[in-house]
Amino acid sequence: MKTIPIRYPFSLLLLITLSTTLAMDTLNSTTILRDGDTLVSSGRYFVLGFFSPVNSKNRFVGIWYGKITEQTVVWVANRESPLTNTSIVLKVIDPGILVLVNEANDVVVWSTNNTSSPTVLRNPIAQLLDSGNLVIGKNANPSSFVWQSFDYPTDTLLPGMKLGWNLTARREFYLSSWKNDDDPSRGDFTYHCDPSGYPQNVLRKREVEQYRTGPWNGLTFSGTNLIKNPIYTFGLVVNEREVYYHYELLNSSVTISRLVLSQSGVLQRWTWVNRTQGWQFYHVAQTDECDSYKLCGDYGRCNIVNSPVCGCLNKFVPRDEDGWNRADWSSGCERRTPLSLNCRNGDGFLKYSSIKLPDTKRSWFDESMSLEECKDFCSTNCSCMAYSSLDISRGPRGCLLWFDELKDIKEVSAQGQDLYVKMASSELDSKRSKQEILMVTLLPVGVMVLIGLTLVLYYYRRKKMARRRLRIIGGTRLNNVNNPNDQSQNKDLELPLFDLHTLTKATHNFSIDMKLGEGGFGPVYKGLLEGGQEIAVKRLSRTSLQGVDEFENEVICIAKLQHRNLVKLIGYCIEGQENMLVYEYMTNKSLDLILFDPSKSEILDWQKRINVINGIARGLMYLHQDSRLRIIHRDLKASNILLDSEMNPKISDFGLARSFGGNETGANTSRVVGTYGYMSPEYAVDGLFSVKSDVFSFGVLVLEIVSGKRNRGFVHLDHNLNLLGHAWMLYKEGRSSELIGFNLEKSCYLSEALRSIHIGLLCVQQCSEDRPNMSSVVMMLGNDNVLPQPKQPGFFTGRDITPNAESSISSNATASTNEMSVTLLVPR
Numbered sequence: 001m002k003t004i005p006i007r008y009p010f011s012l013l014l015l016i017t018l019s020t021t022l023a024m025d026t027l028n029s030t031t032i033l034r035d036g037d038t039l040v041s042s043g044r045y046f047v048l049g050f051f052s053p054v055n056s057k058n059r060f061v062g063i064w065y066g067k068i069t070e071q072t073v074v075w076v077a078n079r080e081s082p083l084t085n086t087s088i089v090l091k092v093i094d095p096g097i098l099v100l101v102n103e104a105n106d107v108v109v110w111s112t113n114n115t116s117s118p119t120v121l122r123n124p125i126a127q128l129l130d131s132g133n134l135v136i137g138k139n140a141n142p143s144s145f146v147w148q149s150f151d152y153p154t155d156t157l158l159p160g161m162k163l164g165w166n167l168t169a170r171r172e173f174y175l176s177s178w179k180n181d182d183d184p185s186r187g188d189f190t191y192h193c194d195p196s197g198y199p200q201n202v203l204r205k206r207e208v209e210q211y212r213t214g215p216w217n218g219l220t221f222s223g224t225n226l227i228k229n230p231i232y233t234f235g236l237v238v239n240e241r242e243v244y245y246h247y248e249l250l251n252s253s254v255t256i257s258r259l260v261l262s263q264s265g266v267l268q269r270w271t272w273v274n275r276t277q278g279w280q281f282y283h284v285a286q287t288d289e290c291d292s293y294k295l296c297g298d299y300g301r302c303n304i305v306n307s308p309v310c311g312c313l314n315k316f317v318p319r320d321e322d323g324w325n326r327a328d329w330s331s332g333c334e335r336r337t338p339l340s341l342n343c344r345n346g347d348g349f350l351k352y353s354s355i356k357l358p359d360t361k362r363s364w365f366d367e368s369m370s371l372e373e374c375k376d377f378c379s380t381n382c383s384c385m386a387y388s389s390l391d392i393s394r395g396p397r398g399c400l401l402w403f404d405e406l407k408d409i410k411e412v413s414a415q416g417q418d419l420y421v422k423m424a425s426s427e428l429d430s431k432r433s434k435q436e437i438l439m440v441t442l443l444p445v446g447v448m449v450l451i452g453l454t455l456v457l458y459y460y461r462r463k464k465m466a467r468r469r470l471r472i473i474g475g476t477r478l479n480n481v482n483n484p485n486d487q488s489q490n491k492d493l494e495l496p497l498f499d500l501h502t503l504t505k506a507t508h509n510f511s512i513d514m515k516l517g518e519g520g521f522g523p524v525y526k527g528l529l530e531g532g533q534e535i536a537v538k539r540l541s542r543t544s545l546q547g548v549d550e551f552e553n554e555v556i557c558i559a560k561l562q563h564r565n566l567v568k569l570i571g572y573c574i575e576g577q578e579n580m581l582v583y584e585y586m587t588n589k590s591l592d593l594i595l596f597d598p599s600k601s602e603i604l605d606w607q608k609r610i611n612v613i614n615g616i617a618r619g620l621m622y623l624h625q626d627s628r629l630r631i632i633h634r635d636l637k638a639s640n641i642l643l644d645s646e647m648n649p650k651i652s653d654f655g656l657a658r659s660f661g662g663n664e665t666g667a668n669t670s671r672v673v674g675t676y677g678y679m680s681p682e683y684a685v686d687g688l689f690s691v692k693s694d695v696f697s698f699g700v701l702v703l704e705i706v707s708g709k710r711n712r713g714f715v716h717l718d719h720n721l722n723l724l725g726h727a728w729m730l731y732k733e734g735r736s737s738e739l740i741g742f743n744l745e746k747s748c749y750l751s752e753a754l755r756s757i758h759i760g761l762l763c764v765q766q767c768s769e770d771r772p773n774m775s776s777v778v779m780m781l782g783n784d785n786v787l788p789q790p791k792q793p794g795f796f797t798g799r800d801i802t803p804n805a806e807s808s809i810s811s812n813a814t815a816s817t818n819e820m821s822v823t824l825l826v827p828r
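With the working numbering, the residue at position 770 of the sequence shown is 770, and numbering never jumps.
Structure (structure tokens):
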């Protein structure tokens, strides 16, 4: 095995100084720390002393930061033995034990209990290092320590601490949450580096696993959002003596950062900001519902942009179809075609990309094997279910094998890896049989040439007809809405027609490295034309549930629209089976990728957020009343708001939009399309849609932008409401400011943020008649006039849209996979 390098700098090993009566005296068997005294490391980075938690009279000995104004405890000595009086003293006694003694009766109420140490010290000393580590030994030499607080973490992992195992001493170092703010004793949650199989970090509630990071891949933990950053480095050490995770600050003299396991079981990183004199949230381990351990069962894959989030891996089917339809995914999936009894009889492997690798408890690894050797080994072992690269930091190398059902698989767009799963030979793309090859070789050369010419003519003719069909249909629809006698309308739809070769070259043959994301239409790729223009290419997937109708609809709708807050369509491509749309490239991609990412959302200060809100409002107002066509978008959501280089918002994805002429403002449909969490009640339940349906979606967006939280999947410890319900409850109680999910740089912005929340609640009212139109919304956003009081919002009591009956939706309704877009709503 190979050790992943780690820098473990011991800061200056400096003696604890007593800040009151003990001055610089060194602790020994006669030195006492009394309640009210504090011991400070000479660099004053950390303090040791007695403290009481909020709303508690119990006393504890702990360590906290010495250079910040807010007392933040990072370690507690007697967390399970609270002190009820102030007559307790802290001593260091032979042979190197730290004890708390009641002076009244000399009874030891707590000790470090390291009497099993083979080292017996005379006149031991205690030292508080500038790293925050309290140690007992003879001097500043680490080899002389008989005890250190870093070996007994509480809820906080400091730089230089280890999370893992000393395999020689069979000792584990792990985090455990506080019970609550008033009680630092062990709570329900623990966080471990699990060395079973190949190491991965695991969060447990009591003994039940809640979350795991995935295995280490040389750069990070597979599938997590833990990436290289300017604050700290991190790594995993694996050798015969120890296995542990660690991190180090890049500039420990300036930066103060800590990793904390919260009382609710969320792993959070906080960084101290001197400007605000407060802790700034920097990173969270669990980002969405798909981080729940084994949510989709064996061979199930979780994708947060899908609805429902769980699905089976390709070539797999649900074990319990009825349970799966009821959103009970615990039974997982199984191979559509079972493996052969003798695994050496033709079973092969199917590649799955961009995933968080499965649970590695039942895995085996070898750092020296190549990926091809890994495949051969797994092929000949009937217990082996899958394999992958062990280390991707310098190209794929090493071998990681799974010998059990694959659990806890998550699809991710970044930090994902390739996994090769063993499959029956009949499920693989088979090559031509010998008979087929023989038949082809015996065909006359003339017949082959004739077939080739026929295919060329067929595709050429099909391309020409498809192009003509799109233009004719588009022109006809536009003319019917505007002026049937105006023949110039056809010319307005004349967009550049790109050939397939140009777009293939621009996107590097649709390389995975150029992929920006994927929605219901299909994948979207970044491209660069020969002239240097950056583009985004939206490619209709052959498996997409959206099809040519949506393709035509988007071209027809957006080709006639020109507004600074609508994405610009540059052209399209129809060639063979390919249908593609070409857009201007948006540097900052979609709003949801920034807004709901704790590490990125910091760039969205209030000025940028209100600019996004105003831009979306102006774009919708244009669609509803100022454009040549009256357009109802029907799928307005954060992922369909694109941001340019200056963070200006642009509404995109008109594949599900509907256009109207004259004074029409709505219609009824049996084909309900849209996205969970954004659909208005009258549309989701009765199929009635209008401009007020878009207003509802806009209101949800406003509340999401202000709070930084998704409406769908919103969780609060005090109630079971979604984001709309939470905002409504806070508004009624006069606490709307608690909804704001970011730091307001100036106090004057508070009134703007509260006004935006108020307007958002007006837009999501239950009855469509009560909601303002978009022109009124734009006016309300632009002035300080008194706003009307909002009424109860729609869908505020739960986190999903669940219509009362499926019977209200046509049996021929189709489904859209545009991120979380749906067309058939079923109870969960």
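Don't be surprised by glycine CBs; every beta carbon is placed ideally from N, CA and C.
Rounded distance between the beta-carbons of residue j and residue i, thought under 8 Å
i: Arg258; j: Leu158; result: 6 Å
i: Val702; j: Asn773; result: About 15 Å separates the two Cβ atoms, so there is no contact after all.
i: Ser756; j: Val706; result: 6 Å
i: Ala617; j: Leu781; result: 6 Å
i: Ile231; j: Leu219; result: Ile231 to Leu219, Cβ: 17 Å. No contact.
i: Ile610; j: Glu752; result: 6 Å
i: Leu591; j: Ala638; result: 5 Å
Member of the options whose CA lies at the smallest distance from the CA of residue i
i: Leu787; options: Leu762, Leu643, Ile227; result: Leu762
i: Arg630; options: Gly615, Ile610, Ala657; result: Ala657
i: Gln577; options: Asp592, Lys568, Arg539; result: Arg539
i: Asp376; options: Ser413, Lys407, Val421; result: Val421
i: Asp188; options: Leu203, Pro195, Tyr198; result: Leu203
i: Ala506; options: Val524, Ile512, Leu516, Glu530; result: Glu530
i: Val92; options: Lys228, Gln148, Val73; result: Gln148
i: Val208; options: Thr190, Thr224, Ser541; result: Thr190
i: Lys568; options: Ile651, Met647, Lys179; result: Ile651
i: Leu739; options: Trp64, Leu754, Lys746, Gln415; result: Leu754
i: Thr86; options: Val40, Cys384, Val109, Leu721; result: Val109
i: Val778; options: Leu717, Arg79, Phe698; result: Phe698
Residues sharing a beta bridge with residue i, DSSP
i: Val107; result: Asn102
i: Gly300; result: Cys312
i: Asp194; result: Gln200
i: Pro318; result: Cys333
i: Ala126; result: Ile136
i: Leu497; result: Tyr572
i: Tyr211; result: Leu203
i: Glu518; result: Pro523
Within 8 Å, strictly: CB atoms of residue i and residue j
i: Pro215; j: Leu357; result: yes
i: Arg301; j: Val317; result: no
i: Ser177; j: Asp155; result: yes
i: Thr834; j: Phe510; result: For residue 834 there is no data in the structure shown, the boundaries of the chain being 1 and 828.
i: Phe795; j: Pro598; result: no
i: Asn58; j: Leu98; result: no
i: Glu534; j: Tyr458; result: no
i: Phe221; j: Asn201; result: yes
i: Gly655; j: His563; result: no
Span of the alpha helix (DSSP H), counted from its first residue to its last, around residue i
i: Gln607; result: 606-621
i: Cys763; result: 749-763
i: Cys767; result: Taken as a continuous stretch (DSSP letters only), Cys767 belongs to no alpha helix (DSSP H), as it is neither H nor E.
i: His726; result: 723-732
Residue range of the beta strand (DSSP E) that includes residue i
i: Cys573; result: 569-575
i: Met774; result: Run containing Met774: none in the beta strand (DSSP E); it sits in the alpha helix (DSSP H), 774-782.
i: Val266; result: From DSSP, Val266 is part of no beta strand (DSSP E); its letter is neither H nor E.
i: Gly348; result: 348-356
i: Asp366; result: 363-366
i: Tyr244; result: 242-249
Residue i beta carbon near the ligand MG (any heavy atom closer than 7 Å)
i: Leu762; result: Inclusion of the ligand MG in the displayed structure is not the case, the ligand content being empty and no account of it being possible.
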